[in-house]
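Quick note: to get the working numbering, add 40 to the position in the sequence shown (first position is 1).
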Amino acid sequence: MKQRRKALGLRQPVVEFKHYHYLNRRHEKLAQSLAVVLERLDKEGVKGTIREEVMNSGGI
């Protein structure tokens with residue numbers, strides 16, 4: 041019987057880098073609205089909450 045190994049989540053990142061969102065040119069009218077929503081999610085702490093939930097669940 042093959043034994044399954046459980047993945048371990050790291051508490052501190054090994055490397056940090058910025059993520060950039062890209063849109064197809066046909067959706068360029070959404071760019072400004074998307075930027076506003078993403079900034080609001082960051083200011084309201086939603087992104088941090090999601091990050092913590094992922095880290096506490098063992099990662100993705």
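A virtual CB, placed ideally from N, CA and C, is assigned to each residue, including glycine. Here the structure is a predicted model, which means the values were calculated and not measured.
At least 8 Å separates the beta-carbon of leucine 63 from that of alanine 75.
Separation of glutamate 79 and glycine 88 (C-alpha to C-alpha, rounded to the nearest whole angstrom) is 12 Å. Secondary structure note for asparagine 96: its alpha helix (DSSP H) is the uninterrupted segment 86 to 96.
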